[in-house]
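S.K.: Got a structure here, written out as structure tokens. Questions coming.
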Amino acid sequence: MKPLENKIALVTGAARGIGRAIAVQLAADGADVALCDVKADWLEETAAAVRDLGRRAECYAMDVADGAAVGAAVARAAADFGRLDILVNNAGITRDTLLIRMSEEDWDRVLDINLKGAFLVTKAAAKLMMKQRAGSIVNIASVVGLMGNAGQANYTASKAGLIALTKTAAKELGSRNIRVNAVAPGFIRTAMTDQLSEAAKDAMLRLVPLGRPGEPEDVARAVAFLASDNAAYVNGQVLTVCGGMVM
Ligand code: NAI
């Protein structure tokens with residue numbers, strides 16, 4: 001039997017990058033997947049990959065920063081699939097610049113999506129999981145939420161906040177048999193990191209003992225572990241997937 005056989009998972013930001021890899025890995029491990037993204041039309045490719053693995057995929061338009069949209073999408077997914085076992089809060093953005101140049105709008109947008117978004121989706125999903133008295137939530141944080149990073153005041157604050165949210169949710173929901181953990185990726189090859197200059201990429205890579213960037217699948221395998229019963233006694237933890245960048 002596969003580790004996630006017949007589990008139902010919901011993944012935000014599933015259209016591309018790490019979210020897409022997570023959805024495909026969860027399906028490979030036996031889960032059916034509710035795919036959510038603000039770019040709903042991009043989700044079909046992920047859905048096709050999930051269906052190719054013999055699992056069910058349904059797509060939902062969801063801006064995680066919009067409470068009404070989150071509530072509606074989670075309710076539709078729960079009705080379509082009948083339950084919800086796993087939530088992965090993966091949707092995230094960057095708007096990088098030095099703190100003294102950062103606009104209030106760029107601060108708010110990154111905090112709204114990366115931190116408030118995770119709160120809103122967790123709240124909606126946790127209500128279902130509490131009734132089921134079971135669930136696993138995995139938040140995609142970042143190593144920079146642990147170490148800080150010049151040029152990312154908004155992003156690092158959002159990811160540090162997400163780590164604190166992970167621990168608080170783990171404390172509040174543990175008695176209902178709902179585990180909440182975070183994965184903190186390092187430098188992973190996606191469209192998000194493609195935007196970085198070659199100099200910035202080289203500087204990041206010099207910090208990685210393994211000497212290579214990670215792939216979305218490296219993150220996805222860690223998420224699948226935390227989502228599964230193999231991690232049944234792992235709760236409130238931050239698993240770094242960064243080639244040793246942070247120890
Ligand atoms: P990406 O930009 O390739 O994918 C992000 C996905 O989230 C996209 O499909 C996008 O449409 C979706 N999204 C953006 N705003 C949204 C919103 N308001 N509501 C719903 N969906 C929304 O990014 P990537 O690299 O795959 O990142 C995924 C997560 O991993 C993010 O939370 C990011 O902060 C985190 N991360 C990425 C690292 C990297 O090196 N790529 C390192 C550490 C963390």
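Numbering-wise (the numbering used here), the sequence shown opens with residue 1 and increments by one. Don't be surprised by glycine CBs; every beta carbon is placed ideally from N, CA and C.
1. Decide if alanine 25 is buried, meaning its Cβ has at least 16 other Cβ atoms within 10 Å, or exposed.
2. Nearest to isoleucine 163 by alpha carbon, out of Gly67, Arg179 and Leu146?
3. Using C-beta distances below 7 Å, list every residue in its chain close to alanine 15, excluding the 5 sequence neighbours before and after it, in chain order.
4. Once the 5 residues before and after glycine 92 are set aside, which same chain residues still bring their CB inside 7 Å of it?
5. Answer with yes or no whether the minimum CB distance from glycine 82 to chain D is below 8 Å.
6. Which residue or residues does DSSP assign as beta-bridge partners of leucine 226?
7. Alpha carbon to alpha carbon, what distance is there between leucine 98 and alanine 227?
8. Beta carbon of leucine 270, beta carbon of alanine 224: below 8 Å?
9. Would you give the residue range spanned by the alpha helix (DSSP H) that valine 108 belongs to?
10. My understanding is that valine 241 touches valine 219, with C-beta atoms under 8 Å, so please give their C-beta distance in whole angstroms.
11. Between which two residues does the alpha helix (DSSP H) containing leucine 248 stretch?
12. Pick from Asn6, Met1, Ile8 and Arg20: whose alpha carbon is nearest that of arginine 221?
13. Assuming the contact rule is C-beta atoms closer than 8 Å, valine 74 and valine 121 should be a hit. Round their C-beta distance to whole Å, please.
14. Indicate whether arginine 101 and asparagine 154 have their beta-carbon atoms separated by less than 8 Å.
15. Applying the criterion that 16 or more other CB atoms from any shown protein chain within 10 Å of the CB defines a buried residue, is threonine 190 buried or exposed?
16. Based on the DSSP output, what are the partners of asparagine 185 in its beta bridges?
17. Please list the terminal residues of the continuous alpha helix (DSSP H) segment that includes tyrosine 155.
18. Quick one: is tyrosine 60 buried, meaning 16 or more other Cβ sit within 10 Å of its Cβ, or exposed?
19. What are the boundary residues of the alpha helix (DSSP H) that includes aspartate 194?
20. Using the Cβ count rule (16 or more neighbours within 10 Å means buried), how would you classify methionine 129?
21. Can you tell me whether alanine 248 is helix, strand or coil according to DSSP?
22. Would you kindly work out how many angstroms separate the C-alpha atoms of serine 197 and glutamate 215, rounded to a whole number?
23. What do you reckon, is the C-beta of glycine 54 under 7 Å from a heavy atom of the ligand NAI?
M.R.: According to the structure data:
1. Counting from 1 along the sequence shown, the entry for residue 25 is found at position 25. Per the sequence presented here, residue 25 reads as glutamine, with alanine not at that position. Buried, because 16 or more other Cβ atoms sit within 10 Å of the Cβ of glutamine 25.
2. Position 163 of the sequence shown, counting from 1, holds the residue named residue 163. Checking every option, the nearest Cα to that of isoleucine 163 belongs to Leu146.
3. Reading the sequence shown from its first residue, position 15 is the one you call residue 15. Contacts found: Asp37, Lys39, Trp42, Leu43 and Thr46.
4. Against the sequence shown, residue 92 aligns to sequence position 92. Answer for glycine 92: Gly13, Ile113, Asn114 and Ile140, listed in chain order.
5. Of the protein chains in the structure, only one exists, and it is not chain D.
6. As a first step, residue 226 must be located in the sequence shown, where it is residue number 226. Under the DSSP definition of a beta bridge, leucine 226 lacks any partner.
7. One-based indexing of the sequence shown puts residue 227 at position 227. One-based indexing of the sequence shown puts residue 98 at position 98. Cα to Cα, alanine 227 sits roughly 36 Å from leucine 98.
8. This structure cannot speak to residue 270, because the chain is shown only from 1 to 247.
9. Within the sequence shown, the letter at position 108 stands for residue 108. According to the sequence as given, residue 108 is aspartate; it is not valine. Residues 104-111.
10. The sequence position of residue 241 within the sequence shown is 241, counting from 1. The sequence position of residue 219 within the sequence shown is 219, counting from 1. So it is a contact: roughly 5 Å between Cβ atoms.
11. With the chain covering 1 to 247 only, the question about residue 248 has no answer from this structure.
12. Here the question's residue 221 lines up with position 221 in the sequence shown. With distances taken between Cα atoms, arginine 221 lies closest to Arg20.
13. For the purposes of this step, residue 74 is taken as residue 74 along the sequence shown, with counting starting at 1. For the purposes of this step, residue 121 is taken as residue 121 along the sequence shown, with counting starting at 1. Sure, about 7 Å apart at Cβ, within 8 Å.
14. Locating residue 101 in the sequence shown gives position 101, counting from the first residue. Locating residue 154 in the sequence shown gives position 154, counting from the first residue. No, these two residues do not count as a Cβ contact at 8 Å.
15. Here residue 190 refers to the residue found at position 190 when the sequence shown is read from its first residue. Threonine 190 is buried by the Cβ-count criterion.
16. The sequence position of residue 185 within the sequence shown is 185, counting from 1. Looking at the sequence provided, one finds proline at residue 185 rather than asparagine. The beta-bridge partner set that DSSP reports for proline 185 consists of Val241.
17. Counting from one through the sequence shown, the residue named residue 155 turns up at place 155. It spans 153-173 - the alpha helix (DSSP H) in which tyrosine 155 sits, taken as one unbroken run.
18. Working through the sequence shown from its first residue, we reach residue 60 at position 60. By the 10 Å Cβ count, tyrosine 60 comes out buried.
19. Taking the first residue of the sequence shown as 1, we reach residue 194 at position 194. Here the alpha helix (DSSP H) through aspartate 194 covers 191-194.
20. By 1-based counting over the sequence shown, the position of residue 129 is 129. Buried, because 16 or more other Cβ atoms sit within 10 Å of the Cβ of methionine 129.
21. As shown, the chain starts at 1 and ends at 247. That puts residue 248 outside it, with no answer to give.
22. Along the sequence shown, one-based indexing puts residue 197 at 197. Along the sequence shown, one-based indexing puts residue 215 at 215. For serine 197 and glutamate 215, the distance between alpha carbons rounds to 18 Å.
23. Taking the first residue of the sequence shown as position 1, residue 54 is located at position 54. No, Cβ of glycine 54 sits at least 7 Å from all heavy atoms of the ligand NAI.
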